[in-house]
Amino acid sequence: MRFQDNKQEQSFNSYVRQQIARLKRLGKIHTSETYMAALRSFSGFMNDKEVLFDQLNADLIAEYEAYLKSRGNSPNTISFYMRILKAVYNRAVEEGLTGQRHPCKSVYTGVEKTLKRAISLNELKRIKGLDLSLKPNLNFARDMFLFYFYTGGMSFIDMAYLKKKDLQNGILSYRRRKAGQQLFIKWERCMQEIVDKYPVNGTEYLLPIITKRNEDCQKQYTNELHRVNHLLKKIGKQLNLPIPLTMYVGRHSWATAYMVCNTLILCDLVLR
Numbered sequence: 001m002r003f004q005d006n007k008q009e010q011s012f013n014s015y016v017r018q019q020i021a022r023l024k025r026l027g028k029i030h031t032s033e034t035y036m037a038a039l040r041s042f043s044g045f046m047n048d049k050e051v052l053f054d055q056l057n058a059d060l061i062a063e064y065e066a067y068l069k070s071r072g073n074s075p076n077t078i079s080f081y082m083r084i085l086k087a088v089y090n091r092a093v094e095e096g097l098t099g100q101r102h103p104c105k106s107v108y109t110g111v112e113k114t115l116k117r118a119i120s121l122n123e124l125k126r127i128k129g130l131d132l133s134l135k136p137n138l139n140f141a142r143d144m145f146l147f148y149f150y151t152g153g154m155s156f157i158d159m160a161y162l163k164k165k166d167l168q169n170g171i172l173s174y175r176r177r178k179a180g181q182q183l184f185i186k187w188e189r190c191m192q193e194i195v196d197k198y199p200v201n202g203t204e205y206l207l208p209i210i211t212k213r214n215e216d217c218q219k220q221y222t223n224e225l226h227r228v229n230h231l232l233k234k235i236g237k238q239l240n241l242p243i244p245l246t247m248y249v250g251r252h253s254w255a256t257a258y259m260v261c262n263t264l265i266l267c268d269l270v271l272r
């Protein structure tokens with residue numbers, strides 16, 4: 001099968017960048033971020049060299065898989081990157097940019113079951129009771145983790161986009177950005193204490209995650225999530241927790257505690 005010269009010269013990398021831009025135009029921000037993460041990883045493996053479609057074969061992808069394994073990536077992380085590369089490649093085949101050579105046929109693209117990440121209520125109390133008064137960055141990360149837990153594992157992106165007007169008459173109402181579902185949460189004293197601790201001036205947002213008017217909101221959210229998770233891992237090491245502490249842990253910890261306690265008043269349990 002022959003391809004037009006201008007199409008044949010397009011690199012796989014540039015095509016991935018086009019797909020990222022397309023996803024953003026469609027409003028699929030989270031998916032575009034996963035594609036960007038996969039592109040960064042693959043570009044790192046290739047030392048930022050552009051790869052032509054003709055060069056993308058099973059041998060190269062097998063080498064990329066070995067590269068990821070050597071850097072300590074889990075099977076699910078490796079599969080995550082491979083599935084994205086495969087999806088982009090297949091789309092290019094559909095558009096007639098390249099022939100189908102099945103470059104990912106020999107690598108793992110499944111999903112292994114993993115243990116849920118959760119900490120106990122006693123460990124949560126230790127996190128809350130830790131004296132971080134002289135470490136404001138760690139203190140902020142801890143408070144964001146607690147707010148996440150208090151609100152039933154609200155996703156960090158939903159936390160970032162909470163607005164002051166969403167809190168009225170003791171009820172916090174917001175629409176999940178991923179699923180579009182409208183949720184209502186009873187506003188508790190423990191939540192108010194965190195909000196009072198970090199007053200936000202000059203913006204419409206409730207929490208100081210998106211703070212700069214002239215910068216991309218999505219970029220601010222992403223950078224802050226990475227920063228908070230990095231700081232939380234430091235807290236976890238300081239307390240010798242059994243698992244790395246991240247915002248993701250907060251969601252599973254709330255679900256586990258809720259099943260054990262069968263009550264929504266988990267704030268009080270932590271504050272005792």
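Per UniProt numbering, the very first residue in the sequence shown carries number 1; after that it's consecutive.
Cβ coordinates follow ideal geometry from the N, Cα and C atoms, glycine included.
If you're wondering where the values come from, they're calculated on a predicted model, not measured in any experiment.
Residues sharing a beta bridge with Phe184, DSSP: As computed with DSSP, Phe184 is found in a beta bridge with Ser173.
Nearest-angstrom Cβ-Cβ length linking Ala178 and Glu204, presumed shorter than 8 Å: Note that residue 178 corresponds to Lys in the displayed sequence, not to Ala. Not a contact, Cβ separation roughly 21 Å.
Residues near Thr77 in its chain [Cβ-Cβ closer than 8 Å; skip 5 each side]: Here the set comprises Leu68.
Same chain only: Cβ atoms within 6 Å of Thr246, ignoring 5 sequence neighbours per side: Within the same chain, Thr246 has close Cβ partners Asn229 and Leu232.
Where Gln168 falls: helix, strand or coil (DSSP): Here Gln168 sits in strand by DSSP.
CB of Glu188 within 8 Å of CB of Tyr150, strictly: Yes, these two residues count as a Cβ contact at 8 Å.
Cutoff 8 Å; reference Ile61; Cβ partners in own chain excluding five residues on either side: Here the set comprises Met82, Leu85, Pro103, Cys104, Ser106 and Val107.
Counterpart residues of Lys163 in DSSP-defined beta bridges: Beta-bridge pairing links Lys163 to Tyr205.
Proximity of Leu206 and Leu167 at Cβ, strictly below 8 Å: The beta carbons of Leu206 and Leu167 sit closer together than 8 Å.
Range covered by the alpha helix (DSSP H) that runs through Ala38: Run containing Ala38: Ile29 to Phe45, per the alpha helix (DSSP H) assignment.
Three-state secondary structure (DSSP) of Ser11: It is a strand residue.
Outcome for Glu224 when other beta-carbon atoms lying within 10 angstroms are tallied against a minimum of 16: So Glu224 counts as buried.
Simplified DSSP assignment, three categories, for Leu26: DSSP places Leu26 in coil when its eight states are reduced to three.
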